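Read through the structure below, which is laid out as structure tokens, and then see the notes.
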Amino acid sequence: MTSAAAPGKHRSGATEPMATEPMVRRFGRAVLGRQPIGMIFGAPYLLFIVVLFAYPLGLAVYMSFHRYFFTAPGVSVPRPFVGLSNYAAVFSDPAVRQSFLNLLIFLVINVPFTVVLSLLLATALNAAIPFRAFFRTSFLAPYVTASVAMIGVWLFMFSSGGIVNSALGPLAPVPSWLVNQKWAMPSIAIYVTWKGLGFYILLYLAALQAVPKELYEAAVMDGASWWHRLLSVTVPGVRQVTTLVTLLAVITGANLFTEPYLLTGGGGPNGKSASPVLLIYQTGIEQNHPDFASALGIILVIGVLLIAGIQQLVQRRQA
Amino acid sequence: MTQMARATSEVAGGSDRAMAIEPRASRSWWRLIVLLFGALVFIFPFYYMIVGSLQKTENTSPSGALPNPGNMTLHNYGQINAAIGLGKAIINSGIFTGGVLLATIVFGVLAGYALARLSFRGRGLLFALTLLVLTVPFQLLIVPLYVLIARNYGLANSYLGMIAPFAINSVAVLIFRQYFLQLPAEMFDAARMDGASELRILRHIAIPLVRPALLTAMLLTFIGPWNEFLWPFLITKEQSLQPLAVAMANYIDNVAATAANPYGAILAGACVLAAPAVALIIAFQRYFVSTNIGSGVKG
Numbered sequence: 000m001t002s003a004a005a006p007g008k009h010r011s012g013a014t015e016p017m018a019t020e021p022m023v024r025r026f027g028r029a030v031l032g033r034q035p036i037g038m039i040f041g042a043p044y045l046l047f048i049v050v051l052f053a054y055p056l057g058l059a060v061y062m063s064f065h066r067y068f069f070t071a072p073g074v075s076v077p078r079p080f081v082g083l084s085n086y087a088a089v090f091s092d093p094a095v096r097q098s099f100l101n102l103l104i105f106l107v108i109n110v111p112f113t114v115v116l117s118l119l120l121a122t123a124l125n126a127a128i129p130f131r132a133f134f135r136t137s138f139l140a141p142y143v144t145a146s147v148a149m150i151g152v153w154l155f156m157f158s159s160g161g162i163v164n165s166a167l168g169p170l171a172p173v174p175s176w177l178v179n180q181k182w183a184m185p186s187i188a189i190y191v192t193w194k195g196l197g198f199y200i201l202l203y204l205a206a207l208q209a210v211p212k213e214l215y216e217a218a219v220m221d222g223a224s225w226w227h228r229l230l231s232v233t234v235p236g237v238r239q240v241t242t243l244v245t246l247l248a249v250i251t252g253a254n255l256f257t258e259p260y261l262l263t264g265g266g267g268p269n270g271k272s273a274s275p276v277l278l279i280y281q282t283g284i285e286q287n288h289p290d291f292a293s294a295l296g297i298i299l300v301i302g303v304l305l306i307a308g309i310q311q312l313v314q315r316r317q318a
Numbered sequence: 000m001t002q003m004a005r006a007t008s009e010v011a012g013g014s015d016r017a018m019a020i021e022p023r024a025s026r027s028w029w030r031l032i033v034l035l036f037g038a039l040v041f042i043f044p045f046y047y048m049i050v051g052s053l054q055k056t057e058n059t060s061p062s063g064a065l066p067n068p069g070n071m072t073l074h075n076y077g078q079i080n081a082a083i084g085l086g087k088a089i090i091n092s093g094i095f096t097g098g099v100l101l102a103t104i105v106f107g108v109l110a111g112y113a114l115a116r117l118s119f120r121g122r123g124l125l126f127a128l129t130l131l132v133l134t135v136p137f138q139l140l141i142v143p144l145y146v147l148i149a150r151n152y153g154l155a156n157s158y159l160g161m162i163a164p165f166a167i168n169s170v171a172v173l174i175f176r177q178y179f180l181q182l183p184a185e186m187f188d189a190a191r192m193d194g195a196s197e198l199r200i201l202r203h204i205a206i207p208l209v210r211p212a213l214l215t216a217m218l219l220t221f222i223g224p225w226n227e228f229l230w231p232f233l234i235t236k237e238q239s240l241q242p243l244a245v246a247m248a249n250y251i252d253n254v255a256a257t258a259a260n261p262y263g264a265i266l267a268g269a270c271v272l273a274a275p276a277v278a279l280i281i282a283f284q285r286y287f288v289s290t291n292i293g294s295g296v297k298g
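For the protein sequence lines, the chains are Y and S, in the order given.
Take 0 as the starting number for the first sequence in numbering that gives the first Met the number 0 and just add one per residue.
Take 0 as the starting number for the second sequence in numbering that gives the first Met the number 0 and just add one per residue.
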């Protein structure tokens, strides 16, 4: 954040007729800044953040510490402070534990596949290749398309009589992928990897173009094999982006909702593909326990922030 | 951030300029094989979506992946249209997406310009808040937002309630800020010395110089609400107000069982839902530059 840390570093002193300026204006500048109109420019966005981000965020924290349920508008009911009891209820709920276990399965499959495949495809794309625009477009197509639309096709392909099973013949799992307790969550993980890969390929592509070419030339001179160059030049060169990709994949996983809701019919079979956000929806809105759901959401966010913090630490150690 | 900014300048210089690293051209065959295989995996579901949406009777055998003129019909499109009303759903999606685009282009550009080029009290705070918005997952906010918008403000089943939480895209604000920062400072000083107002500088000097950034930010902003499912699903229980993604999801969830060829109708709807985003990426793929997004997310 170097650019933000030095506000107004582009100012030039030539435009400052300091001595002739009236006191009032000088005072105004000291308090409001050099271009106070910026406050007006930023005001709608600030209002948006306060009303639709900060206030709801505060409300989530408030709800998680109180007994809270939906009432008809205008009806006021007591909302007693209940301390950590919502959190205790979340931690002791077996469905919640199952959903975090599912999330772990998701991440263990999704994160390594995402990193390896997007780096591989980005490396392949980072050269004088014919049809480059075609490849870029096709990798990005699933990323920009609505998950609801893509899920329609995946349901068609992975249903029990679908094309995947009819191609696999006797090798197809019984029950089929999305209704199989063992395969439901891995199927979602593979689907999400496939859908988001194009975005991560672009991130890696940009990072690869910033790796100094001299390093590759030196490695070639030393007779390093392709594999050796990948490990000793490419991978260290894009380490920062790998951290970013991992973090974004974790955040995407923590936000998982549409896929378990539609692809596996509401987190089925038997809750084996339910995600924490699906539970937030089910408990908070369907079952009218927004206090429980808020506590679950806050635990989820703290988990994500912890992972992000650990990553930062590890990266700093390595750097 | 600095690393990302460096990457931006390089990519902005020529995102499609190939960087030949391999010393021998003959070695690039493996790249093509990997890429072709990748492209096949990425494109096949789209192709299969179209083929499946045209099948008269469902054919899930491997041979069904080939178009068969004897088993082709547009009937599935009629069926999904009869079930969810495609026209109305597309209009709803359009209003939702259009509202977000409009608010982002007006208020997001103003905020991005203020963050990049104006020195005023509270700028640091506004920037810190922007980054915070990007760090907290939206899903945490769905329950309190639902309480506020649907229960307290009575905006359930309204376009305003749908648009509000997405109104100004913070990633777009950061993209605008970053591009405005890259413009030379002397230009702004000169315009200010000539007595131009900040609004005039923004409209007549800054914005014309960052047109590609506007397009990139608009593309990114478009795919958010057009594809969004969870929020409009919560807020619109009335079918006549539901965007296409929500109407389709509800169709997949409950109604599909009653249709003669449920997958045909689902795939027909999926084709309609996917078409605008895919068309945009085909037309503007070179504006879809990663670093903008990356720096936006990373801050």
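Cβ coordinates follow ideal geometry from the N, Cα and C atoms, glycine included.
From a predicted model like this one, the values you see are computed outputs, not experimental measurements.
Neighbour flag for residue i against chain Y, beta carbons, 8 Å
i        : result
S/Val33  : yes
S/Gly77  : no
S/Gly51  : yes
S/Tyr145 : yes
S/Gly160 : no
S/Phe179 : no
S/Ile206 : no
S/Gln284 : yes
S/Gly69  : no
S/Trp28  : no
Local conformation of residue i per DSSP, three classes
i        : result
Y/His227 : helix
Y/Phe69  : coil
Y/Gln180 : coil
Y/Phe80  : strand
Y/Gln34  : coil
Y/Gln286 : coil
S/Gln138 : helix
S/Gln284 : helix
S/Gln54  : strand
Y/Gly302 : helix
CB contact below 8 Å: residue i versus chain S
i        : result
Y/Ile284 : yes
Y/Phe66  : Phe is not the amino acid found at residue 66 of chain Y; the sequence shown has Arg there. For Y/Arg66, the answer is no, since every Cβ of chain S falls outside 8 Å of its Cβ.
Y/Thr136 : yes
Y/Leu357 : The requested residue 357 of chain Y does not occur in the structure, where chain Y is confined to residues 0 to 318.
Y/Leu177 : no
Y/Pro289 : yes
Y/Gly252 : no
Y/Pro55  : yes
Y/Pro43  : yes
Residue i: contacting residues in chain Y (beta-carbon distance under 9 Å)
i        : result
S/Leu233 : Tyr280, Ile284
S/Ala163 : Phe47, Val50, Leu51
Whole-Å CB distance - residue i paired with residue j, under 8 Å assumed
i        : j        : result
S/Ile167 : S/Phe106 : 5 Å
S/Val170 : S/Ala110 : Incorrect: roughly 12 Å between the Cβ atoms, too far for contact.
S/Leu53  : S/Met71  : 5 Å
Y/Asn101 : Y/Lys271 : 7 Å
S/Leu125 : Y/Gly41  : 5 Å
S/Thr235 : S/Ile174 : Not a contact, Cβ separation roughly 29 Å.
S/Val40  : S/Pro66  : Not quite, the Cβ-Cβ distance comes to about 20 Å (not below 8 Å), so this is no contact.
Y/Leu246 : Y/Gln310 : 6 Å
Residue i: contacting residues in chain S (beta-carbon distance under 9 Å)
i       : result
Y/Arg33 : Leu117, Ser118, Phe119
Y/Phe99 : Within chain S, no residue comes near Y/Phe99; the closest Cβ sits about 14 Å away, beyond 9 Å.
Beta-carbon neighbours of residue i, restricted to chain Y and to distances below 7 Å
i        : result
S/Ala244 : Ala145, Val147
Where residue i meets chain S, residues with beta-carbon distance less than 7 Å
i        : result
Y/Asn269 : The premise fails here: Y/Asn269 is roughly 18 Å from chain S at the closest Cβ pair, so nothing lies under 7 Å.
Y/Phe40  : Leu109, Ala110, Tyr112, Ala113, Leu117
Y/Ala292 : Val142
Y/Val89  : Chain S residues near Y/Val89: none, gap ~13 Å exceeds 7 Å.
Neighbouring residues, chain S, relative to residue i (Cβ below 8 Å)
i       : result
Y/Gly27 : Those do not exist, as Y/Gly27 stays about 10 Å from chain S at its closest Cβ, beyond 8 Å.
Closer than 8 Å at the beta carbon, the chain Y residues around residue i
i        : result
S/Val170 : Result: empty, since nearest Cβ-Cβ is about 12 Å, beyond 8 Å.
S/Pro313 : Any answer about residue 313 of chain S is impossible in this case: the structure gives chain S only from 0 up to 298.
field: Segment contact flag, the segment 135-145 of chain Y with the segment 188-205 of chain Y, C-beta cutoff 8 Å, min 3 pairs
entry: yes
query: Counting Cβ pairs, one atom from each stretch, are 3 or more of them under 8 Å apart for the segment 214-227 of chain S and the segment 91-105 of chain S?
result: yes
- prompt: Are the segment 203-212 of chain Y and the segment 109-128 of chain Y in contact at 8 Å, needing three or more beta carbon pairs?
  reply: yes
- prompt: Between the segment 59-67 of chain Y and the segment 285-300 of chain Y, do three or more beta carbon pairs fall short of 8 Å?
  reply: yes
message: For the structure I just gave you, are there three or more beta carbon pairs, one from the segment 269-289 of chain S and one from the segment 146-157 of chain Y, closer than 8 Å?
response: yes
- request: Give a yes or no on contact between the segment 298-307 of chain Y and the segment 133-141 of chain S, applying the rule of three or more CB pairs nearer than 8 Å.
  value: yes
task: Answer yes if the segment 42-51 of chain Y comes into contact with the segment 278-292 of chain Y, meaning at least three C-beta pairs across the two stretches below 8 Å, and no otherwise.
output: no
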